[in-house]
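Participant: FYI, the numbering for the sequence shown is 3 to 370, going by this note's numbering.
We treat Cβ as the ideally placed atom computed from N, Cα and C, and that holds for glycine.
Once you've had a glance at the structure underneath, I'll fire off some questions.
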Amino acid sequence: MTTTVRNPLQPASDIMHGEKGERPKIMIIYTGGTIGMIENPVTRTLEPFNFDHLLENVPKLRLLDIDIESVEFEHPIDSSSMNPDHWKDIAKAIEENYNKCDGFVVLHGTDTMAYTASALSYMLENLDKPVIITGSQLPIGDVRTDGEENLITALQVASARDRQGNMVVREVAILFEDFLWRGNRSTKHSSDNFCAFSSNNYPALASIGLGIHFNQDVLLKHPVGGELKVHYDMDTNVMFIDLFPGIQENVVRHLFNTPGIRGIIIKTFGAGNGPNDPWFIQAISEAISKGIVVVNISQCVNGSVQPELYSAGIEISKTGVISGKDMTSEAAITKLMYLFGRQLPIEEVKKQMGESLCGELTESSAPY
Ligand code: ASP
Numbered sequence: 003m004t005t006t007v008r009n010p011l012q013p014a015s016d017i018m019h020g021e022k023g024e025r026p027k028i029m030i031i032y033t034g035g036t037i038g039m040i041e042n043p044v045t046r047t048l049e050p051f052n053f054d055h056l057l058e059n060v061p062k063l064r065l066l067d068i069d070i071e072s073v074e075f076e077h078p079i080d081s082s083s084m085n086p087d088h089w090k091d092i093a094k095a096i097e098e099n100y101n102k103c104d105g106f107v108v109l110h111g112t113d114t115m116a117y118t119a120s121a122l123s124y125m126l127e128n129l130d131k132p133v134i135i136t137g138s139q140l141p142i143g144d145v146r147t148d149g150e151e152n153l154i155t156a157l158q159v160a161s162a163r164d165r166q167g168n169m170v171v172r173e174v175a176i177l178f179e180d181f182l183w184r185g186n187r188s189t190k191h192s193s194d195n196f197c198a199f200s201s202n203n204y205p206a207l208a209s210i211g212l213g214i215h216f217n218q219d220v221l222l223k224h225p226v227g228g229e230l231k232v233h234y235d236m237d238t239n240v241m242f243i244d245l246f247p248g249i250q251e252n253v254v255r256h257l258f259n260t261p262g263i264r265g266i267i268i269k270t271f272g273a274g275n276g277p278n279d280p281w282f283i284q285a286i287s288e289a290i291s292k293g294i295v296v297v298n299i300s301q302c303v304n305g306s307v308q309p310e311l312y313s314a315g316i317e318i319s320k321t322g323v324i325s326g327k328d329m330t331s332e333a334a335i336t337k338l339m340y341l342f343g344r345q346l347p348i349e350e351v352k353k354q355m356g357e358s359l360c361g362e363l364t365e366s367s368a369p370y
C-alpha cells in the first residue's frame, strides 16, 4: 500500500504533519559532512563549518510547519573520521530528547552514513519514532547544492504521521535525493551522483517526487509499547577479509591471527563461494575453533549468500561459518560490534548474526 504526501506543504488525506493541529517537533543533530562544509579560501579544500552557517543558508526552513530544535557536535567532522564514540553521542542526543521530540534528522557526511545508520538501528532498541539521516554531495552554500532539498525533505519525512497519529516512519532511515531507504540496507554507491545511495536487497521505504510516496508495506512495524532502550557499547574487535583470486595463505592466516579479534566478516564471491584450497578451509576452521565468529557475506551488492549452491560454498559453510544472508557489509560489521558489545555468549552472537533484528537481512521464511 502506498500513501502519499502530494504537495508536502498541503498533506494528502491519509498523512498529516502533527496531531490535532500541533506542530511536530523535530530535532536536528548536526555531525558534520559536506552538507555543512565551506571552502577554505587558502587551501581551497572543504572543511566543516559551524551550524549557524547551515541554517542561515536555508531560510526556507521557516516556511515549514515544524518546530525545529538542533544540537551539534562540538567539533563537526568529515564522516570518514566517524567512530563508535560518535555513534554514542548521536544515540545519547536521541535518548535525552526522545520524549519531547516527534522525530530526529541527523545531518551526516555521506562517506560513512550507511555504517552510522546500521549501527544506530541496532543501538536504538524499540525505536518508535523516525531517525532520518541525510547529508549532501555539495555544500549547502553551493548554488547547485542538493543539501537544501535533502534537509527539507528529511524534515518532512520525519514529521509525517498517519491518521491514527502514529509516526509513519518508526525506524532509522537514509533520505537521499529521490528515495528513503532503510538505514541498515543502504550503501553509498556513488561519490558523484546526487542519487548517491541504494538499497540493493530491499525496496525503497518512500520515493520522492512531487509528493512523498511512502511504501507502507515495507516500513518496519514494531509492536508498540516497548520503551526505547539504548545500547551504547560497541566492540570494535572485528574486521573484514575481502577475498580475491590469488589471495595468499600467509596473508589469510596473519589476518585470522590478529590479536584480540573476535569477529571476522569474509566477503566471498558470488553466492558465498571461496577457494577450495585445503589451507583456506583449515584456516577458517582453526579460527572458529579458537572462538572467533566468522560470517560469510557476498561481494555482490544484490542477492544473498546461498552456500548450498556450489561445492565451493558448501566447503566453507561446513566449517561453521555463519551465513550473513543478504546483509550489506555495513550492516554486518556493525551488527558484530553491537552483539559483542552486549557481552552475549558466543553461541547467541552466532544465532543473532543469522536472524533479522531490525530488518537488516531477509530471513528465508519472511521476505521483509
Ligand atoms: N567526506 C564527506 C563526509 O563523509 C563526504 C560527504 O559528506 O558527502 O563527511
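At a cut-off of 7 Å, would you count Thr45 as near the ligand ASP, judging by its Cβ distance to the nearest heavy atom?
Facilitator: No.
Participant: Which same chain residues, not among the five before or five after Val253, have their C-beta less than 8 Å away from its C-beta?
Facilitator: Taken in chain order, the list of residues that qualify is empty.
Participant: Among residues of its own chain, excluding the 5 on either side of Gly322, which ones have a beta-carbon nearer than 7 Å to its beta-carbon?
Facilitator: Answer for Gly322: Ile290, listed in chain order.
Participant: Output the boundary residues of the alpha helix (DSSP H) element that contains Tyr124.
Facilitator: Taken as a continuous stretch (DSSP letters only), the alpha helix (DSSP H) holding Tyr124 covers Met115 to Met125.
Participant: Quick one: residues in its chain with C-beta nearer than 8 Å to the C-beta of Ala368, no 5 flanking neighbours on either side, listed in chain order?
Facilitator: Low confidence applies here, because Ala368 scores a pLDDT of 38, under 50, leaving its location unreliable; read the following figure in that light. Cβ neighbours of Ala368 beyond the five flanking positions: Ser358.
Participant: Which partner residues does Met39 have in the DSSP bridge list?
Facilitator: According to DSSP, which records beta bridges pairwise, Met39 is partnered with Pro50.
Participant: The ligand ASP and Thr189: does any heavy atom of the ligand fall closer than 7 Å to the residue's C-beta?
Facilitator: The answer is no for Thr189.
Participant: Inspect the beta-carbon positions of Asn128 and Lys223 and report whether they are closer than 8 Å.
Facilitator: Cβ distance not < 8 Å, so Asn128 and Lys223 don't count as in contact.
Participant: Can you look up Glu362 in the DSSP assignment and give me helix, strand or coil?
Facilitator: Note: Glu362 maps to coil in three-state DSSP.
Participant: Return the chain-ordered list of same chain residues with a C-beta closer than 6 Å to the C-beta of Cys360, the five sequence neighbours on each side being excluded.
Facilitator: Ser123.
Participant: Straight-line CA distance for Ser72 to Lys269?
Facilitator: If I take the Cα positions, the gap works out to 39 Å.
Participant: Ordered along the chain, which non-local residues of its own chain (more than five positions away) have a Cβ less than 7 Å from that of Trp281?
Facilitator: Excluding sequence neighbours, Trp281 sits near Glu251.
Participant: Measure from the alpha carbon of Glu310 to the alpha carbon of each residue in Arg184, Ile324 and Asn304, then state which is nearest.
Facilitator: Of Arg184, Ile324 and Asn304, the residue nearest in Cα terms is Ile324.
Participant: Ignore the nearest five residues each way along the sequence and tell me which others in Asn239's own chain have a CB closer than 8 Å to its CB.
Facilitator: If we look at Asn239 and ignore the five residues flanking it on each side, its Cβ neighbours are Gly262, Ile263, Arg264, Gly265 and Phe342.
Participant: Measure how close the beta-carbons of Ile37 and Gly137 come, nearest whole angstrom, since I'm counting them as under 8 Å.
Facilitator: So it is a contact: roughly 5 Å between Cβ atoms.
Participant: Quick check on the DSSP output: the beta strand (DSSP E) that includes Gly322 runs from which residue to which?
Facilitator: Run containing Gly322: none; DSSP gives neither H nor E here.
Participant: Given 7 Å as the limit, tell me if Ser192 has its C-beta closer than that to any heavy atom belonging to the ligand ASP.
Facilitator: Because no heavy atom of the ligand ASP lies under 7 Å away, the Cβ of Ser192 does not count as near it: no.
Participant: Please go through the same chain and pick out, in chain order, the residues whose beta-carbon is closer than 6 Å to the beta-carbon of Ala314, but skip the five residues on each side of it.
Facilitator: Once the five neighbours on either side are set aside, the close Cβ partners of Ala314 are Asn275 and Asn278.
Participant: Please classify Gly326: is it buried, with 16 or more other beta-carbons within 10 angstroms of its beta-carbon, or exposed?
Facilitator: So Gly326 counts as buried.
Participant: Compute the distance between the beta-carbons of Ile299 and Ser331, then report whether it is under 8 Å.
Facilitator: In this structure, Ser331 lies closer than 8 Å to Ile299 by Cβ.
Participant: Three-state secondary structure (DSSP) at Pro78?
Facilitator: Here Pro78 sits in strand by DSSP.
Participant: Just to confirm, are Ile176 and Val133 a CB contact at a threshold of 8 Å?
Facilitator: Their beta carbons are not under 8 Å apart, which means Ile176 does not touch Val133 by this criterion.
Participant: Whether or not the segment 58-65 and the segment 150-158 are in contact is what I'm after, with contact meaning three or more pairs of Cβ atoms, one per stretch, closer than 8 Å; do they touch?
Facilitator: Contact holds: three or more Cβ-Cβ distances are below 8 Å.
Participant: Here's the rule: buried if 16 or more other CB atoms are within 10 angstroms of the residue's CB, otherwise exposed. What is Asn203?
Facilitator: So Asn203 ends up on the buried side.
Participant: Taking the beta carbon of Lys104 as the centre, do at least 16 other beta carbons fall within 10 Å, making it buried, or is it exposed?
Facilitator: The sequence as given places Asp at residue 104; Lys does not occur at that position. With 16 or more Cβ atoms within 10 Å of its Cβ, Asp104 is classed as buried.
Participant: Three-state secondary structure (DSSP) at Met355?
Facilitator: If DSSP states are grouped into helix, strand and coil, Met355 belongs with the helices.
Participant: Select from Ile267, Trp183 and Gln345 the residue whose C-alpha is nearest the C-alpha of Thr336.
Facilitator: Of the candidates Ile267, Trp183 and Gln345, the one whose C-alpha sits nearest the C-alpha of Thr336 is Ile267.
Participant: Within 8 Å, do at least three Cβ pairs link the segment 105-116 to the segment 350-357?
Facilitator: As far as the Cβ criterion goes, the segment 350-357 does not touch the segment 105-116, which means the pair count is below three.
Participant: CA-CA distance, Phe178 and Leu66?
Facilitator: Straight-line Cα distance between these residues: approximately 19 Å.
Participant: Could you give the distance in angstroms between the alpha-carbon of Ser193 and the alpha-carbon of Phe199?
Facilitator: Approximately 10 Å between the Cα atoms of the pair.
Participant: Which residues share a DSSP beta bridge with Ile210?
Facilitator: Looking at the DSSP assignment, Ile210 forms a beta bridge with Ile214.
Participant: Once you ignore the five residues that flank Lys22 on each side, which residues in its own chain have a CB closer than 6 Å to its CB?
Facilitator: Summary for Lys22: the model assigns pLDDT 47, below 50, so the residue's position carries little reliability; its value from the coordinates is reported in the next sentence. Cβ within range, chain order: n/a, list empty.
Participant: Of all the options Gly34, Gln158 and Val159, which has the alpha carbon lying nearest to the alpha carbon of Trp89?
Facilitator: When only C-alpha atoms are compared, the closest one is Gly34.
Participant: How long is the line joining the alpha carbons of Leu140 and Ile154, rounded to whole angstroms?
Facilitator: Looking at the two C-alpha atoms, the distance is approximately 15 Å.
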